[in-house]
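Structure first, then comments.
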Ligand SMILES: [Fe+2]
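Numbering (the working numbering), first residue to last: 856 to 1167.
Put into structure tokens, the structure is as follows:
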């Protein structure tokens, strides 16, 4: 497919609202202009496209920023739209988070972090308003691949949901927890591309560079004035393991904050499902089996049970 076009799920497009980009319909291998800027995308047209099995329109790559701005401005309206199901809203939230993380990764600075915070806040509100079945659907819907954007959003959603279960009898602020989960890996923006994107196993020296990302993430958020207590924990502790074999500090069980343990658990799960160039991706069942049989001492036992309960 032509790489200069980007697919957009039509559920993300609010009908009858000005759109600062042009939409294209893929017909065969041609992209045909579907509407002029700000014109022509009504509820009736959206329903007709869905009836005809068309789920995506396209925009030109150079209008990607306009799409992100549009999604950020309209997320709340879409989440309040009674014509959309809870499942459709989950998809919208997921896609919007992916776009937002991409933007943040390109420019990890104060203004983008603040904008991301607003999106994550609305995402957490959506999670909190979802019942258990809707949460399970959300978890089944998420894709697992090697993209750092997908991984960040998955850890954000899984971590917020697990924290919601674990802290159900306390008044912990899930907005702050969600923000911290989504940004746990932000230090990777400071890891050089030849190491971060290396298609294969890292050498010993490259691995040492990679292991610096927790502290780099912590420093980045502090420098940009967005280091919260929760984000301080998730950035620094998401690779610590209960058996003391994690990094950067090799903390053990009780030395690791509960948020650090939650983040490590969901980070490990998503990494197993995503696979790596030298490791195959696993099904949820296979991943949980390995976590239970081979990685049990990495995790808090009770927390792992809560995680199983959340998934099944
Ligand atoms: Fe990480």
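Note that the Cβ used here is the ideal one computed from N, Cα and C, for glycine as well.
This structure is a prediction, so every number in the text was calculated from the model and none was measured.
For residue i and residue j, which I take to be in contact (beta-carbon distance under 8 Å), what is that distance rounded to the nearest angstrom?
{"i": "residue 1029", "j": "residue 979", "result": "5 Å"}
{"i": "residue 997", "j": "residue 986", "result": "So it is not a contact: roughly 18 Å between Cβ atoms."}
{"i": "residue 1084", "j": "residue 1095", "result": "About 17 Å separates the two Cβ atoms, so there is no contact after all."}
{"i": "residue 932", "j": "residue 869", "result": "6 Å"}
{"i": "residue 1004", "j": "residue 960", "result": "7 Å"}
{"i": "residue 1076", "j": "residue 1090", "result": "7 Å"}
{"i": "residue 920", "j": "residue 860", "result": "Actually they are not in contact, since the Cβ atoms of residue 920 and residue 860 sit about 15 Å apart, beyond 8 Å."}
{"i": "residue 867", "j": "residue 904", "result": "With 8 Å as the limit, residue 867 and residue 904 do not qualify as a contact, their Cβ atoms being about 13 Å apart."}
{"i": "residue 879", "j": "residue 912", "result": "6 Å"}
Would residue i pass as a contact of residue j if the rule is Cβ separation under 8 Å?
{"i": "residue 923", "j": "residue 955", "result": "yes"}
{"i": "residue 1071", "j": "residue 1033", "result": "no"}
{"i": "residue 951", "j": "residue 914", "result": "no"}
{"i": "residue 947", "j": "residue 901", "result": "no"}
{"i": "residue 1097", "j": "residue 1088", "result": "no"}
{"i": "residue 1100", "j": "residue 965", "result": "no"}
{"i": "residue 1040", "j": "residue 1007", "result": "yes"}
{"i": "residue 1128", "j": "residue 1120", "result": "no"}
{"i": "residue 1118", "j": "residue 1092", "result": "yes"}
{"i": "residue 981", "j": "residue 934", "result": "yes"}
{"i": "residue 1036", "j": "residue 1050", "result": "no"}
{"i": "residue 907", "j": "residue 1021", "result": "no"}
{"i": "residue 884", "j": "residue 1013", "result": "no"}
{"i": "residue 1038", "j": "residue 1086", "result": "yes"}
{"i": "residue 1046", "j": "residue 1068", "result": "yes"}
{"i": "residue 945", "j": "residue 993", "result": "yes"}
{"i": "residue 983", "j": "residue 1027", "result": "no"}
{"i": "residue 1176", "j": "residue 877", "result": "Residue 1176 falls outside the range modelled here, since the chain spans only 856 to 1167, and no answer is possible."}
May I ask you to check if the CB of residue i is nearer than 7 Å to at least one heavy atom of ligand 1?
{"i": "residue 1000", "result": "no"}
{"i": "residue 1112", "result": "no"}
{"i": "residue 1040", "result": "yes"}
{"i": "residue 1094", "result": "yes"}
{"i": "residue 1068", "result": "yes"}
{"i": "residue 1026", "result": "no"}
{"i": "residue 980", "result": "no"}
{"i": "residue 1125", "result": "no"}
{"i": "residue 1155", "result": "no"}
{"i": "residue 1122", "result": "yes"}
Within 10 angstroms of the Cβ of residue i, are there 16 or more other Cβ atoms? Answer buried if so, exposed if not.
{"i": "residue 875", "result": "exposed"}
{"i": "residue 1154", "result": "buried"}
{"i": "residue 863", "result": "buried"}
{"i": "residue 1146", "result": "buried"}
{"i": "residue 887", "result": "exposed"}
{"i": "residue 892", "result": "Unreliable placement is indicated for residue 892, whose pLDDT of 49 sits below 50; the coordinate value is still reported in the next sentence. Under this definition residue 892 is an exposed residue."}
{"i": "residue 1167", "result": "exposed"}
{"i": "residue 1052", "result": "exposed"}
{"i": "residue 1164", "result": "exposed"}
{"i": "residue 1140", "result": "exposed"}
{"i": "residue 1023", "result": "exposed"}
{"i": "residue 1144", "result": "exposed"}
{"i": "residue 1017", "result": "buried"}
{"i": "residue 1157", "result": "exposed"}
Kindly indicate the opening and closing residues of the beta strand (DSSP E) around residue i.
{"i": "residue 914", "result": "911 to 915"}
{"i": "residue 878", "result": "878 to 882"}
{"i": "residue 936", "result": "No beta strand (DSSP E) holds residue 936; DSSP gives it neither H nor E."}
{"i": "residue 864", "result": "860 to 864"}
Can you tell me where the alpha helix (DSSP H) with residue i in it begins and where it stops?
{"i": "residue 1125", "result": "1113 to 1129"}
{"i": "residue 980", "result": "965 to 983"}
{"i": "residue 1039", "result": "First-last for residue 1039: undefined, no H or E at that position."}
{"i": "residue 953", "result": "941 to 961"}
{"i": "residue 1147", "result": "1139 to 1148"}
{"i": "residue 1060", "result": "1059 to 1065"}
{"i": "residue 988", "result": "987 to 996"}
{"i": "residue 1159", "result": "1156 to 1166"}
{"i": "residue 1107", "result": "It is not in any alpha helix (DSSP H) - residue 1107 carries neither H nor E in the DSSP assignment."}
{"i": "residue 1069", "result": "1068 to 1078"}
{"i": "residue 1006", "result": "1003 to 1021"}
{"i": "residue 1136", "result": "No alpha helix (DSSP H) holds residue 1136; DSSP gives it neither H nor E."}
{"i": "residue 898", "result": "898 to 906"}
{"i": "residue 1085", "result": "1084 to 1092"}
Would you say the beta carbon of residue i comes nearer than 7 Å to a heavy atom of ligand 2?
{"i": "residue 936", "result": "Ligand 2 is absent from the structure shown, which contains only ligand 1."}
Measure from the C-beta of residue i to each C-beta in chain B and report whether the shortest distance is under 8 Å.
{"i": "residue 938", "result": "No chain B appears in the structure shown, which is made up of a single protein chain."}
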